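Residue numbers (our numbering), protein chains in the order written: chain A, 919 to 1282; chain B, 919 to 1282.
In this text, a Cβ means the ideal position worked out from N, Cα and C, and glycines have one as well.
Please read these numbers as outputs of a predicted model, since none were measured by experiment.
Right, one structure below, let's go through it.
Number of protein chains: 2
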Amino acid sequence: MSYERPNISAMAGYVWGEQPTDTRTIKLNTNENPYPPSPKVDAALGELTGASLRRYPQPTALPLRESLARHHQLTPDHFVVTNGGDEALRLALTTFVEPGAGFGMAEPSYSLYEVLAQIQDARVVHSPLDGQWHLADNFAEQMNDESVQLTCLVNPHAPSGTLATAQQMSDIATALNGVLLIDEAYVDFVDPQIGYSAVPLLAHHDNVLILRTFSKGYGLAGLRLGYLMGSPSLLAPVMWKTRDSYNMDHLSQVVGQAAFEDQAYARETWRRVREERERLRTALSACGLTSPESQSNFLLVDCSEAPITAPALYQALKDNHILVRHFDTDRLRQSLRITIGTPEENDQLLAAIDQALSNAALTR
Amino acid sequence: MSYERPNISAMAGYVWGEQPTDTRTIKLNTNENPYPPSPKVDAALGELTGASLRRYPQPTALPLRESLARHHQLTPDHFVVTNGGDEALRLALTTFVEPGAGFGMAEPSYSLYEVLAQIQDARVVHSPLDGQWHLADNFAEQMNDESVQLTCLVNPHAPSGTLATAQQMSDIATALNGVLLIDEAYVDFVDPQIGYSAVPLLAHHDNVLILRTFSKGYGLAGLRLGYLMGSPSLLAPVMWKTRDSYNMDHLSQVVGQAAFEDQAYARETWRRVREERERLRTALSACGLTSPESQSNFLLVDCSEAPITAPALYQALKDNHILVRHFDTDRLRQSLRITIGTPEENDQLLAAIDQALSNAALTR
């Protein structure tokens, strides 16, 4: 007999990107930083002892929250630290969305949103993006009409990499009846010359949450560390009620803080990723593989004008031990999402793509 | 304006035991192991590098699950690894209990159960324990009558420390219409001569989950590591649907496995705790502070026959830098839950209690 809830029984789980354990594979499929975390992480790991793990951890990750507060010029009450961005998303759903109520998202977007909404038995309201990956002009109205209690928008957008302005986010937050979560998983890779920042929105909107993660910008996907920023009143039920009471282990708190406080190191990895992003985009475009202007650490490469289908190119790269991401949905079937690697990895990627395109052209 | 769900707004959060950071305090309030984890943990920490955290962790903690499977003579499919026992409890609620449906527990019990049930908006069904901390004879019937979908029973019981037999658990599992989660957070401290094991139940009951934690038995409360055991069919939706997709970070997987595979070390700490448990129970009883026979790493000490109230004794101990746990509920108001410490800590506890009792007798 089956004991799971009907909504759980009816749903499919999240499908994560392949995680090969060999060191030969060039892994450009799950948007990790191509550079390891700061050497300060190694130093912090070297100082940790088993004895420090005997007692329960600091329950609210206060030292790390104080560090975050100093950096963002806010107070520790503006922060909840989570096991990766995924836990932050789940907590927002648990706290703000009643089963049966509406959960809003753009389509396409991070596929985990829909999975988490199904677990909460929420009604998922999709708003399709236009051909330029822009939100509908009446996006907030669409959400309000469907009684959406929480809307998640990833900015820079995934999987296109495009960036909406902070003013757009502010306008949507003003118009929404529910909570707006701005998922800034990739924000560290935005060109600083653009001057994008949604953090000032928190002073004016009591319904805005901003999500950040250490998985991409700080080279710590294996650590599972992220955080939510928001007004203290909005975050209080997450901090004191719905969050697991000791959600952050001691190691993650210490290692995460070491990485975060070495901003200079992290910024240098972001600069290198941006530089390679532009080089890769130009080189791919010259092969007929165009991509929208990305402010993220990946490109969404359009294969529809190429002599090879996206699934075939995915497979050709995999045969060369290069993993990229293919999503088998109507809108994305002829695209590949390719994470920016190191210069050497990107060179190998370009060579493999060049070879695959030549082979495809020959066999036509 | 408030955006949280009505059930979240109406509930109070979990109140955790005090976690002082000074090293002077003798901390006997949250049931940590008095001994640090195995030296193998230090060795594992010493080998970890920041670079190992760059990629996402193994998504299902497979190496650790294989280790658990070998130890318990089951398959990896019988295990889901979680961020402490707390995440295991939450996942069971999320997976098996519909909002509005019944969640069953004995009263008193681990206070987090009720908090997690409130987050899920479940109806909490309490069944009071009798004077000897035994379950009602018709416990399962009470749960079925209230359409309970998940029942959590902590065994050995908290906060009394008493142990129910595996046969009792089996009988309840047979009679229940829903899932039975046996919370074995403290099972490592059961006297092995009793021969208690609920693991064989998994072969005969497709509705039984067993929860274990590394927080107590393995000296790793700061790591947040636990696991669920159950039939693969019962666990599948937890593993593939409701669990956060990368719930276990790489450090926890590696460190936890190192601790778990040093069973000889862990067993020696359990033996020492049992030895001190018996010594402490006898000594306290000689002062008029009796406690039920405990198979756990704590004693529930009854102060009702003492010349001092439980809150006053709690405060007197705190003034001596010794923290124990007091629960301000009708059934527990005249008791203190005291974690078993090292022999030296227990000596200081006994001296402080002796002093407090003498002072109280003098001032009467």
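- The Cβ atoms of B:V1117 and B:H990 lie closer than 8 Å to each other.
- For B:I1090, the enclosing alpha helix (DSSP H) has its first and last residue at 1084 to 1093.
- Annotation: Cβ neighbours of A:N1125 in chain B (cutoff 9 Å, chain order): M919, Y921.
- Per DSSP, the unbroken beta strand (DSSP E) holding B:Q1067 starts and ends at 1066 to 1072.
- Taking 8 Å as the upper bound for CB-CB distance, B:M1061 and B:G1096 are in contact here, some 7 Å apart.
- Going by DSSP, B:P1046 is part of no alpha helix (DSSP H) but of the beta strand (DSSP E) stretching over 1041 to 1046.
- Shown here, A:K945 sits in a strand according to DSSP, grouped into three states.
- When Cβ-Cβ separations below 8 Å define contact, A:A1139 makes contact with chain B.
- Within chain B, the residues whose beta carbon sits less than 9 Å from that of A:W1158 are A930, G931, Y932, listed in sequence order.
- Distance between B:A1010 and B:F1057, taken at the CA atoms: about 20 Å.
- Shortest Cα-Cα distance from B:C1221 to any of B:P924, B:T967, B:C1205 involves B:C1205.
- Three or more Cβ pairs closer than 8 Å define a contact, and the stretch 1192 to 1199 of chain B meets that threshold against the stretch 1209 to 1223 of chain B.
- Nearest C-alpha to B:P957 among B:Q1175, B:G935, B:H1052, B:D940: B:Q1175.
- The alpha-carbon of A:E1102 is positioned some 37 Å away from that of B:F1021.
- Counted as a single uninterrupted DSSP element, the stretch harbouring B:D1180 is not any beta strand (DSSP E), since DSSP gives it neither H nor E.
- Three or more Cβ pairs drawn from the stretch 1154 to 1168 of chain B and the stretch 997 to 1017 of chain B lie within less than 8 Å of each other, which places the two stretches in contact.
- The Cβ atoms of B:L1169 and A:L1169 sit closer than 8 Å to each other.
- The alpha helix (DSSP H) runs of length 4 or more contained entirely in the stretch 1073 to 1156 of chain B are, from start to end of the chain, 1084 to 1093, 1150 to 1155.
- Taking 8 Å as the upper bound for CB-CB distance, A:N951 and B:R972 are in contact here, some 6 Å apart.
- Against chain A, the beta carbon of B:N1001 has neighbours under 8 Å at N1001, D1162, N1165, D1167, listed in chain order.
- For B:A1139, the CB contacts under 6 Å within the same chain, skipping 5 residues up- and downstream, are E950, S1133 in chain order.
- Taking 8 Å as the threshold, the shortest C-beta distance from A:N1277 to chain B does not fall below it.
- For B:M1061, the secondary structure class from DSSP, reduced to helix, strand or coil, is helix.
- The alpha-carbon separation between A:F1178 and A:A1228 amounts to approximately 37 Å.
- DSSP lists A:R1255 as the bridge partner or partners of A:R1243.
- Taking the beta carbon of A:F1014 as reference, the chain B residues within 8 Å of it are Y921, E922, R923, listed in sequence order.
- Taking C-beta atoms as the reference points, A:V1043 and A:E1064 count as a pair closer than 8 Å.
- Counting along the chain, the unbroken alpha helix (DSSP H) around A:V1033 starts and ends at 1030 to 1037.
- For the pair A:G1079 and A:F1216, the CB atoms are nearer than the 8 Å cut-off.
- In the DSSP assignment, A:A1019 falls outside any alpha helix (DSSP H), carrying neither H nor E.
- In terms of CA proximity to B:L1081, B:Q1050 leads the group B:Q1050, B:T1092, B:W934.
- Annotation for B:V998: the continuous beta strand (DSSP E) segment containing it runs 997 to 1000.
- A straight line joining the alpha-carbon of A:G1259 with that of B:G935 spans about 46 Å.
- Not flagged as an interface residue toward chain A: B:G1259, since no C-beta distance is shorter than 8 Å.
- Residue B:P975 holds the alpha-carbon nearest to the alpha-carbon of A:T939 among B:G931, B:L1152, B:P975.
- Taking C-beta atoms as the reference points, B:L1120 and B:S1088 fail to come closer than 8 Å.
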